[in-house]
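For reference, the structure discussed in these notes is given below.
Number of protein chains: 2
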Amino acid sequence: MRTARERVLSAALELFAEHGVSGTSLQMIADRMGVTKAAVYHQFPTKEEIVLAVIDPVLLSLTPIAASAARRRTPAARRRYVLDAVVDLVVEHRRLSAVLSFDPVVSRLVRQHPSMTVISELVELLTGPDPSPATRVDVAMVAGGLVMAGAESSLSDLPDETLKTHLLKTSLRTLRLNRS
Amino acid sequence: MRTARERVLSAALELFAEHGVSGTSLQMIADRMGVTKAAVYHQFPTKEEIVLAVIDPVLLSLTPIAASAARRRTPAARRRYVLDAVVDLVVEHRRLSAVLSFDPVVSRLVRQHPSMTVISELVELLTGPDPSPATRVDVAMVAGGLVMAGAESSLSDLPDETLKTHLLKTSLRTLRLNRS
DNA sequence: GTCTATAAGGGGATAGAC
DNA sequence: GTCTATCCCCTTATAGAC
Numbered sequence: 022m023r024t025a026r027e028r029v030l031s032a033a034l035e036l037f038a039e040h041g042v043s044g045t046s047l048q049m050i051a052d053r054m055g056v057t058k059a060a061v062y063h064q065f066p067t068k069e070e071i072v073l074a075v076i077d078p079v080l081l082s083l084t085p086i087a088a089s090a091a092r093r094r095t096p097a098a099r100r101r102y103v104l105d106a107v108v109d110l111v112v113e114h115r116r117l118s119a120v121l122s123f124d125p126v127v128s129r130l131v132r133q134h135p136s137m138t139v140i141s142e143l144v145e146l147l148t149g150p151d152p153s154p155a156t157r158v159d160v161a162m163v164a165g166g167l168v169m170a171g172a173e174s175s176l177s178d179l180p181d182e183t184l185k186t187h188l189l190k191t192s193l194r195t196l197r198l199n200r201s
Numbered sequence: 022m023r024t025a026r027e028r029v030l031s032a033a034l035e036l037f038a039e040h041g042v043s044g045t046s047l048q049m050i051a052d053r054m055g056v057t058k059a060a061v062y063h064q065f066p067t068k069e070e071i072v073l074a075v076i077d078p079v080l081l082s083l084t085p086i087a088a089s090a091a092r093r094r095t096p097a098a099r100r101r102y103v104l105d106a107v108v109d110l111v112v113e114h115r116r117l118s119a120v121l122s123f124d125p126v127v128s129r130l131v132r133q134h135p136s137m138t139v140i141s142e143l144v145e146l147l148t149g150p151d152p153s154p155a156t157r158v159d160v161a162m163v164a165g166g167l168v169m170a171g172a173e174s175s176l177s178d179l180p181d182e183t184l185k186t187h188l189l190k191t192s193l194r195t196l197r198l199n200r201s
């Protein structure tokens with residue numbers, strides 16, 4: 022059986038995805054678990070701690086990606102590695118990714134998070150140094166597209182592996198990395 | 022001078038973009054306008070009416086796009102027309118587009134909106150009939166990428182025309198419409 | 001158009017029993 | 001780990017004066 026703590030996070034995640042963080046009350050989380058608010062407060066001292074506990078593992082998983090990428094020898098190999106890893110991450114989390122990316126409450130917490138700098142690192146690994154406006158737009162569209170496509174309900178019929186393959190192919194084409 | 026009604030919508034839009042709809046109270050809107058809540062209620066009977074008044078013009082502007090596109094003769098011309106128009110729309114609204122697209126409250130209202138079917142029409146104009154998984158992923162990534170890139174703060178230094186040009190070029194490449 | 005005042009309800013959060 | 005009960009604040013919304 023999952024721990025009470027895990028059940029809170031699971032219920033919270035579903036509700037955050039559906040209603041956003043601000044649109045989700047502790048009462049709603051408790052109701053979905055079939056317990057009272059007080060039981061939820063026994064696991065987490067504040068609502069903010071619940072949000073942090075939901076996003077933490079994803080943000081922490083970004084650090085090893087940047088570290089591994091930095092060890093590759095060529096810029097092309099680094100780009101390719103980051104892209105592969107980000108596609109994996111987005112598909113692994115699918116519904117969650119959109120919440121993490123767009124919820125205003127989450128955004129504010131992410132901005133203050135220790136892992137925040139890693140995100141800029143990953144973007145820079147993709148753009149290369151001193152990128153042109155064209156390249157910056159390309160990377161922004163891929164980043165946004167990956168997150169959106171992962172969350173897109175009309176694609177929920179596609180199995181993870183199929184989605185991964187297509188997302189990677191489309192991203193490579195968008196970034197003009199087809200032949201590298 | 023702008024009407025009180027317009028000032029409400031302008032204040033609401035900024036706050037929705039920053040905090041989301043659920044994270045924005047009527048008190049915050051009133052404070053930003055320098056009036057009291059009751060003054061806001063004099064313009065709109067409910068908070069939901071404010072949200073609707075914010076999104077209505079954008080949704081209504083989708084209908085003529087689909088209509089004009091349908092009059093083009095070839096599928097390629099229709100795709101190209103939709104893409105041009107959507108890029109224009111996204112750039113025209115930039116920050117707003119992300120709120121409109123991802124806020125859970127807005128999404129629920131959009132789903133019930135008369136213009137809702139137009140969105141599926143536009144997607145179908147882009148995918149063509151009976152699209153493959155690959156094509157569906159392509160279109161989902163472009164749609165998400167356009168909205169995200171429009172809202173991306175790191176691209177806010179790019180002037181509208183520059184952004185438009187790059188978004189269109191990148192979208193065409195992603196959709197493999199380079200040579201059509 | 002804007003105000004004060006107020007109602008009714010829900011939000012986050014705490015105390016203490018079991 | 002979960003409960004009941006409660007506190008205080010903020011929320012949406014309304015009534016009526018200016």
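Here the protein sequences line up with chains A and B, keeping their order.
So the number in the working numbering is just where the residue sits in the first sequence, counting from 1, plus 21.
So the number in the working numbering is just where the residue sits in the second sequence, counting from 1, plus 21.
Idealized CB from N, CA, C, for every residue including glycine.
Only a predicted model underlies this, so the values are computations on that prediction, with no experimental measurement involved.
On the three-state DSSP scale, how would you describe L47(A)? Locating residue 47(A) in the first sequence gives position 26, where the first residue counts as 1. In this structure, L47(A) counts as helix in the three-state DSSP scheme.
Check the Cβ-Cβ distances between S43(A) and every residue of chain B, and say whether any is below 9 Å. Here residue 43(A) refers to the residue found at position 22 of the first sequence. It does: the Cβ of S43(A) has a partner Cβ on chain B nearer than 9 Å.
Counting only the same chain and skipping the five closest in sequence on each side, list residues whose C-beta sits under 6 Å from that of I86(A). The count along the first sequence starts at 1 and reaches residue 86(A) at position 65. Here the set comprises A106.
Less than 7 Å between C-beta atoms, sequence neighbours within five positions excluded: which residues of the same chain meet that for E142(A)? In the first sequence, the residue the question calls residue 142(A) occupies position 121. These residues qualify, in order along the chain: A87.
Counting only Cβ pairs nearer than 9 Å, list the residues of chain B close to L184(A). The residue labelled residue 184(A) in the question sits at position 163 within the first sequence. Using a Cβ-Cβ cut-off of 9 Å, L184(A) is close to P154, V158 of chain B, given in chain order.
Would you verify that the beta carbon of V163(A) is, or is not, closer than 9 Å to some beta carbon of chain B? Numbered from its first residue, the first sequence carries residue 163(A) at position 142. The C-beta of V163(A) comes closer than 9 Å to at least one C-beta of chain B.
From this set, V144(A), R115(A), T191(A), which residue's C-alpha is nearest L179(A)'s C-alpha? On the first sequence, residue 179(A) is found 158 positions in, with the first residue counted as 1. Taking the Cα of L179(A) as reference, the smallest distance to any Cα among V144(A), R115(A), T191(A) is reached at R115(A).
G166(A), buried or exposed, once every other Cβ within 10 Å from all chains shown has been counted against 16: As a position in the first sequence, residue 166(A) is number 145, starting the count at 1. Classification of G166(A): buried, given that the 10 Å Cβ count is 16 or more.
Any chain B beta carbon closer than 9 Å to A170(A): Translated into the one-based positions of the first sequence, residue 170(A) becomes position 149. By this cut-off, A170(A) is an interface position.
Would you identify the three-state DSSP class for T191(B), choosing helix, strand or coil? Sequence index remark: in the second sequence, residue 191(B) carries index 170 (1-based). Residue state, collapsed to three classes: helix.
Please list the residues of the region 90-112 of chain B that have a C-beta atom closer than 7 Å to any C-beta atom in chain A, keeping them in chain order. Answer set for the region 90-112 of chain B: empty.
Could you list the residues in the region 72-83 of chain B with a C-beta less than 7 Å from some C-beta on chain A, going in chain order? Result list empty, no residue passes.
Measuring only the C-alpha atoms, how far is E27(A) from I140(A)? Working through the first sequence from its first residue, we reach residue 27(A) at position 6. Working through the first sequence from its first residue, we reach residue 140(A) at position 119. Going from the Cα of E27(A) to the Cα of I140(A) covers about 26 Å.
P235(B) burial status per 10 Å Cβ neighbour count (16 or more: buried): Only positions 22 to 201 of chain B appear in the structure, and residue 235(B) is not among them; the question remains open.
Can you tell me the Cα-Cα spacing of R157(B) and A25(B), whole angstroms? Taking the first residue of the second sequence as position 1, residue 157(B) is located at position 136. Taking the first residue of the second sequence as position 1, residue 25(B) is located at position 4. C-alpha separation (whole angstroms): 44 Å.
Give the single residue among Y102(A), E113(A), L30(A) whose Cα lies nearest to the Cα of L64(A). Here residue 64(A) refers to the residue found at position 43 when the first sequence is read from its first residue. Before going on, a small fix: residue 64(A) reads as Gln here, not Leu. Ranked by Cα distance from Q64(A), the options Y102(A), E113(A), L30(A) are led by L30(A).
How would you list, in chain order, the residues of chain A whose beta-carbon sits under 9 Å from the beta-carbon of D202(B)? With chain B represented from 22 up to 201, any question about residue 202(B) goes unanswered, as that position is not in the structure.
Using 8 Å as the cut-off, can you tell me whether the region 171-191 of chain B makes contact with the region 147-164 of chain A, which would need three or more C-beta pairs spanning the two stretches below that distance? A contact exists between the region 171-191 of chain B and the region 147-164 of chain A.
State the start and end residues of the unbroken alpha helix (DSSP H) segment that holds L146(A). As a first step, residue 146(A) must be located in the first sequence, where it is residue number 125. Run containing L146(A): 137-148, per the alpha helix (DSSP H) assignment.
Give me the chain A residues within the contact set of A119(B), using Cβ-Cβ distance strictly less than 8 Å, ordered along the chain. Stepping through the second sequence from its first residue, residue 119(B) is reached at position 98. Those within 8 Å of A119(B) in chain A are F123.
Taking all protein chains shown into account, do 16 or more other C-beta atoms lie within 10 angstroms of the C-beta of P66(B), making it buried, or fewer, making it exposed? Working through the second sequence from its first residue, we reach residue 66(B) at position 45. By the Cβ neighbour-count rule, P66(B) is exposed, with fewer than 16 other Cβ atoms within 10 Å of its own.
So is K190(B) in contact with chain A if we call contact Cβ pairs under 9 Å? Residue 190(B) sits at position 169 when you count from the first residue of the second sequence. Yes, because at least one Cβ of chain A sits closer than 9 Å to the Cβ of K190(B).
When we look at the beta-carbon of L81(A) and count the other beta-carbons within 10 Å, is it buried (16 or more) or exposed? Within the first sequence, residue 81(A) is the residue found at index 60, counting from 1. With fewer than 16 other Cβ atoms within 10 Å, it is exposed.
For the ligand MN, I want to know if G171(B) counts as a neighbour, meaning its beta carbon is within less than 8 Å of at least one of the ligand's heavy atoms. No copy of the ligand MN appears in this structure; indeed no ligand is present at all.
Span of the alpha helix (DSSP H), counted from its first residue to its last, around L104(B): Within the second sequence, the letter at position 83 stands for residue 104(B). Counting along the chain, the unbroken alpha helix (DSSP H) around L104(B) starts and ends at 96-114.
Taking just the CA atoms, how far does V168(A) sit from S118(A)? As a position in the first sequence, residue 118(A) is number 97, starting the count at 1. As a position in the first sequence, residue 168(A) is number 147, starting the count at 1. Looking at the two C-alpha atoms, the distance is approximately 6 Å.
Against chain B, with Cβ distances strictly below 9 Å, would S177(A) count as a contact? For the purposes of this step, residue 177(A) is identified with residue 156 of the first sequence, where counting begins at 1. Between S177(A) and chain B, the shortest Cβ-Cβ separation is not below 9 Å.
Any beta carbon from chain A within less than 9 Å of V126(B)'s own beta carbon? In the second sequence, residue 126(B) corresponds to position 105, counting from 1. Any Cβ of chain A closer than 9 Å to the Cβ of V126(B) would place that residue at the interface, and such an atom is present.
Between which residues of its own chain and L193(A) is the CB-CB distance below 6 Å, once the five residues before and five after are set aside? In the first sequence, residue 193(A) corresponds to position 172, counting from 1. Once the five neighbours on either side are set aside, the close Cβ partners of L193(A) are N199.
Roughly how many angstroms lie between the CA atoms of A51(A) and T45(A), to the nearest whole one? For the purposes of this step, residue 51(A) is identified with residue 30 of the first sequence, where counting begins at 1. For the purposes of this step, residue 45(A) is identified with residue 24 of the first sequence, where counting begins at 1. Spanning the two alpha carbons is a distance of roughly 11 Å.
Consult DSSP for H40(B) and reduce its assignment to one of helix, strand or coil. By one-based count along the second sequence, residue 40(B) stands at place 19. The answer is helix: DSSP assigns H40(B) an H, G or I state.
Does any residue of chain A bring its CB to less than 9 Å from the CB of E142(B)? As a working note, residue 142(B) is residue 121 in the second sequence. Judged by the 9 Å Cβ criterion, E142(B) is not in contact with chain A.
Other residues of its chain near H187(B): CB distance less than 7 Å, five sequence neighbours each side excluded: Translated into positions along the second sequence, residue 187(B) becomes position 166. Scanning its chain for C-beta atoms nearer than 7 Å, with the 5 sequence neighbours on each side dropped, one finds no residue around H187(B).
Quick check: is the beta carbon of G166(A) nearer than 9 Å to any beta carbon in chain B? Along the first sequence, one-based indexing puts residue 166(A) at 145. Output row for G166(A): interface = yes.
Would you kindly report the start and end of the unbroken alpha helix (DSSP H) that includes T156(A)? As a working note, residue 156(A) is residue 135 in the first sequence. For T156(A), the enclosing alpha helix (DSSP H) has its first and last residue at 154-172.
Return the CA-CA distance between K58(B) and A74(B), expressed in angstroms with no decimal places. By one-based count along the second sequence, residue 58(B) stands at place 37. By one-based count along the second sequence, residue 74(B) stands at place 53. Between K58(B) and A74(B), the alpha-carbon positions lie close to 18 Å from each other.
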